[in-house]
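Engineer:
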Amino acid sequence: MVARTLARHLLCFVLPVTTLAFVATGPHERGVGWWLLPIALSIAADLASPAARRQPPQVLPLRPFDAILRALVALQLVNVVLAARLVAITGFFDWQTLVAVALVGTTSGYSGIVVAHELIHRREPRLRLLGRGLMGLVLYEHFATEHLRGHHVRVGTPEDPATARFGESFHAFFRRTVPAQLRSAWRLEAARLGDVEMPWWDRRLLRSRVVHGLVAEWAFALALAGVFGWGAFCFHLLQAAWAVRLLECVNYFEHWGLVRSGPRALGMDSWDANSWFTLHTLVGLSRHADHHAFAARPYPQLRFVAESPKLPAGYFGMVPLAMVHNRRFQRLMTAELRRRGLGPYRRTGQSATPPDHPS
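Numbering (the numbering used here), first residue to last: 4 to 362.
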């Protein structure tokens with residue numbers, strides 16, 4: 004059973020390895036568009052995926068599953084550097100740059116950020132640092148601070164900038180959440196250092212993790228410019244922007260329209276996806292309700308939660324639905340909220356049951 008579970012999670016290497024093959028073997032003379040086929044096939048596979056409701060084994064050795072995470076970290080760094088090299092060879096204004104942005108940016112979002120999310124929740128300081136480093140590769144290191152100390156505390160409340168409101172479109176959410184999350188992370192660190200209202204020139208901010216992240220991520224971006232040129236720097240900004248857009252799209256539908264009723268997040272306060280493909284390709288991210296109830300639980304041990312609202316598709320299918328067909332997205336999500344009596348349809352006196360207990 005353990006070997007079978009491990010083998011299924013090897014699906015998470017499809018996009019990073021495809022990206023590595025493209026950036027490592029370039030420049031390419033023709034047919035570069037075909038390299039985007041795995042992205043389209045991932046969406047198709049996700050839409051056709053069977054449901055995954057089986058609970059994980061009670062006991063799993065975590066070492067091989069953590070080895071997957073470490074390999075994905077290494078792949079992400081290599082892909083970014085080799086893509087910068089490719090852009091330096093071909094020039095920025097080339098079709099291969101566009102393909103590189105699509106492949107690296109998608110891999111950054113669906114692999115780099117997802118792995119970073121898993122790592123920043125671990126208790127080991129070295130793993131958390133790896134997760135912060137991965138977020139720095141998309142110029143979004145402050146996410147680690149805001150997500151752990153902001154989102155997980157305030158999820159499902161009006162104070163959480165990463166919780167999408169009922170009726171809110173993706174584009175409106177994106178414009179609101181990106182600056183709000185940076186402000187929140189900044190204030191969380193300022194509060195930790197002694198004064199939430201401290202000015203930006205206060206010397207105490209030299210100990211701010213958000214400041215450290217900003218310095219490190221932009222130093223890396225400028226190092227790419229120094230080694231590979233400004234075209235590579237512009238490529239890096241574009242792939243990071245696409246990855247962050249994917250991240251915030253996932254944030255958007257993971258809590259859209261839900262309002263928490265208790266002091267902590269329970270099974271009905273997060274959207275889950277039943278997709279078998281998403282579960283194994285995105286290292287367990289789709290079991291988001293159990294993650295919010297038990298944030299430090301490693302990805303192969305996340306459980307199916309029956310009472311959580313269910314997304315109409317897996318994550319690969321949800322992204323184009325939310326970004327491109329947002330009206331249909333809202334109709335489908337509203338129907339599920341109405342069916343379960345959640346969000347604006349919450350029934351009077353409705354009780355919430357923690358996922359650890361039968362309803």
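Each residue gets a CB set at the ideal place from its N, CA and C atoms; glycine is no exception. Since the structure is predicted, the reported quantities are computational estimates derived from the model, not experimental observations.
(1) With hydrogens ignored, establish whether the beta-carbon of Arg129 is closer than 8 angstroms to any heavy atom of the ligand SAH.
(2) Can you give me the C-alpha to C-alpha distance between Thr21 and Gly112, rounded to a whole angstrom?
(3) What separation, rounded to the nearest whole angstrom, lies between the Cα atoms of Phe25 and Ile42?
(4) Evaluate His150 with the Cβ neighbour count: other Cβ atoms within 10 Å of its Cβ, from every protein chain shown; 16 or more gives buried, anything less gives exposed.
(5) Rounded to a whole number of angstroms, what is the C-alpha to C-alpha distance between Trp221 and Val181?
(6) If Gly322 sits next to Cys237, beta carbons under 8 angstroms apart, how far is it from one beta carbon to the other, in whole angstroms?
(7) Short check: CB of Ala77 to CB of Phe16, under 9 angstroms?
(8) Between Gly232 and the rest of its own chain, which residues show a CB-CB distance below 7 angstroms, the 5 nearest in sequence each way excluded?
(9) Write down every uninterrupted run of the alpha helix (DSSP H) in the region 274 to 323 whose length is 4 residues or greater and which is fully enclosed by it, in chain order.
(10) Closest by CA to Val81, which one among Leu133, Ile123, Ala27 and Ala338?
(11) Could you please give the first and the last residue of the uninterrupted alpha helix (DSSP H) stretch that includes Glu339?
(12) Just the C-alpha distance for Arg349 and Thr160, rounded to the nearest angstrom, thanks.
(13) With distances taken from CA atoms, which of His215, Gln58, His124 and Leu89 is nearest Ala299?
(14) So, at 7 angstroms on beta carbons, what are the nonlocal neighbours of Arg88 in its own chain, with the 5 sequence-adjacent residues on each side left out?
(15) Candidates His239, Val118 and Asp163: which alpha carbon is nearest Leu261's?
(16) Once the 5 residues before and after Ser52 are set aside, which same chain residues still bring their CB inside 8 angstroms of it?
(17) Contact defined as beta carbons within less than 8 angstroms: I believe Leu122 pairs with Leu72. What is the distance between those atoms, to the nearest angstrom?
(18) Based on the DSSP secondary-structure assignment, which residues constitute the bridge partners of Ala54?
(19) Should Arg330 go down as buried or exposed, given a rule of 16 or more other Cβ atoms within 10 Å for buried?
(20) Could you tell me the alpha carbon to alpha carbon distance between Arg284 and Leu14, rounded to whole angstroms?
(21) In terms of residues, what are the limits of the alpha helix (DSSP H) holding Gln242?
(22) Quick check on the burial criterion: 16 or more other C-beta atoms within 10 angstroms. Buried or exposed for Glu257?
(23) Would you be able to state if there are at least three C-beta pairs under 8 angstroms between the region 98 to 108 and the region 31 to 42?
(24) Straight-line CA distance for Leu269 to Thr93?
(25) Could you tell me whether the Cβ atoms of Leu191 and Gly153 are closer together than 9 angstroms?
(26) Can you grab the Cα-Cα spacing for the pair Ala338 / Ala183, in whole Å?
(27) Assign Val199 to one of three DSSP states: helix, strand, or coil.
(28) Of the choices Met271, Ala119 and Ser172, whose alpha-carbon is the least far from that of Gln333?
(29) What are the boundary residues of the alpha helix (DSSP H) that Ile116 is part of?
(30) Between the C-alpha atoms of Ser289 and Arg179, what's the straight-line distance to the nearest angstrom?
(31) Could you work out which residue in Gly320, Arg341, Arg248 and Leu340 is closest to Leu50 when comparing CA atoms only?
(32) For Val62 versus Glu144, is the C-beta distance shorter than 9 angstroms?
Structural biologist: For this structure:
(1) Although the ligand SAH was asked about, the structure shown includes no ligands whatsoever.
(2) As a working mapping, residue 21 is identified with position 18 in the sequence shown. As a working mapping, residue 112 is identified with position 109 in the sequence shown. Taking the straight line from one Cα to the other gives about 14 angstroms.
(3) Your numbering for residue 25 matches position 22 in the sequence shown. Your numbering for residue 42 matches position 39 in the sequence shown. About 13 angstroms.
(4) Position 147 of the sequence shown, counted from the first residue, corresponds to residue 150. By the 10 Å Cβ count, His150 comes out buried.
(5) If you number the sequence shown from 1, residue 221 lands on position 218. If you number the sequence shown from 1, residue 181 lands on position 178. CA-to-CA, the gap between Trp221 and Val181 works out to about 18 angstroms.
(6) Within the sequence shown, residue 322 is the residue found at index 319, counting from 1. Within the sequence shown, residue 237 is the residue found at index 234, counting from 1. The amino acid occupying residue 322 in the given sequence is Val; Gly does not appear at that position. About 24 angstroms; that fails the 8 angstroms criterion.
(7) Taking the sequence shown and counting its residues from 1, one reaches residue 77 at position 74. Taking the sequence shown and counting its residues from 1, one reaches residue 16 at position 13. No, they are not a contact pair.
(8) For the purposes of this step, residue 232 is taken as the residue at position 229 of the sequence shown. These residues qualify, in order along the chain: Ala91.
(9) 279 to 284 and 291 to 296
(10) Taking the first residue of the sequence shown as position 1, residue 81 is located at position 78. Considering only alpha carbons, the answer is Ala27.
(11) In the sequence shown, counting from the first residue as 1, residue 339 sits at position 336. Asn329 to Arg343 is the extent of the alpha helix (DSSP H) around Glu339.
(12) For the purposes of this step, residue 349 is taken as the residue at position 346 of the sequence shown. For the purposes of this step, residue 160 is taken as the residue at position 157 of the sequence shown. CA-CA distance, Arg349 to Thr160, rounds to 15 angstroms.
(13) In the sequence shown, residue 299 corresponds to position 296, counting from 1. Measuring from the Cα of Ala299, the nearest candidate turns out to be His124.
(14) Numbered from 1 along the sequence shown, position 85 holds the residue referred to as residue 88. So the list reads Phe231, once near-sequence residues are dropped.
(15) Counted from its first residue, the sequence shown places residue 261 at position 258. When each option's Cα is compared against that of Leu261, the closest is Asp163.
(16) Residue mapping note: residue 52 aligns to position 49 of the sequence shown, counting from 1. Ser278, Trp279, Phe280, Thr281 and Gly317.
(17) Start at 1 with the first residue of the sequence shown, and residue 122 comes out as number 119. Start at 1 with the first residue of the sequence shown, and residue 72 comes out as number 69. That belief holds up - the Cβ atoms of Leu122 and Leu72 are roughly 6 angstroms apart, short of 8 angstroms.
(18) Against the sequence shown, residue 54 aligns to sequence position 51. Answer by DSSP bridge pairing, in chain order: Ser278.
(19) Counting from one through the sequence shown, the residue named residue 330 turns up at place 327. By the 10 Å Cβ count, Arg330 comes out exposed.
(20) Position 281 of the sequence shown, counting from 1, holds the residue named residue 284. Position 11 of the sequence shown, counting from 1, holds the residue named residue 14. For clarity, residue 284 is Thr in the given sequence; the question names Arg instead. Computed Cα separation, rounded: 5 angstroms.
(21) Against the sequence shown, residue 242 aligns to sequence position 239. Per DSSP, Gln242 belongs to the alpha helix (DSSP H) from Trp233 to Glu257.
(22) As a position in the sequence shown, residue 257 is number 254, starting the count at 1. Counting Cβ neighbours within 10 Å, Glu257 comes out buried, since at least 16 surround it.
(23) yes
(24) Reading the sequence shown from its first residue, position 266 is the one you call residue 269. Reading the sequence shown from its first residue, position 90 is the one you call residue 93. Cα-Cα distance, rounded: 51 angstroms.
(25) Position 188 of the sequence shown, counted from the start, is the residue given in the question as residue 191. Position 150 of the sequence shown, counted from the start, is the residue given in the question as residue 153. Yes, the Cβ-Cβ distance between Leu191 and Gly153 is below 9 angstroms.
(26) In the sequence shown, residue 338 corresponds to position 335, counting from 1. In the sequence shown, residue 183 corresponds to position 180, counting from 1. Their Cα atoms are separated by approximately 29 angstroms.
(27) Taking the sequence shown and counting its residues from 1, the one referred to as residue 199 is at position 196. Coil.
(28) Looking up residue 333 in the sequence shown gives position 330. Ranking Met271, Ala119 and Ser172 by Cα distance to Gln333 puts Ser172 first.
(29) Within the sequence shown, numbered from 1, the residue matching residue 116 stands at position 113. Here Ile116 belongs to no alpha helix (DSSP H), and DSSP marks it neither H nor E.
(30) Locating residue 289 in the sequence shown gives position 286, counting from the first residue. Locating residue 179 in the sequence shown gives position 176, counting from the first residue. So the alpha carbons of these two residues sit roughly 24 angstroms apart.
(31) Within the sequence shown, the letter at position 47 stands for residue 50. Closest option to Leu50, Cα to Cα, is Gly320.
(32) Within the sequence shown, numbered from 1, the residue matching residue 62 stands at position 59. Within the sequence shown, numbered from 1, the residue matching residue 144 stands at position 141. Taking C-beta atoms as the reference points, Val62 and Glu144 fail to come closer than 9 angstroms.
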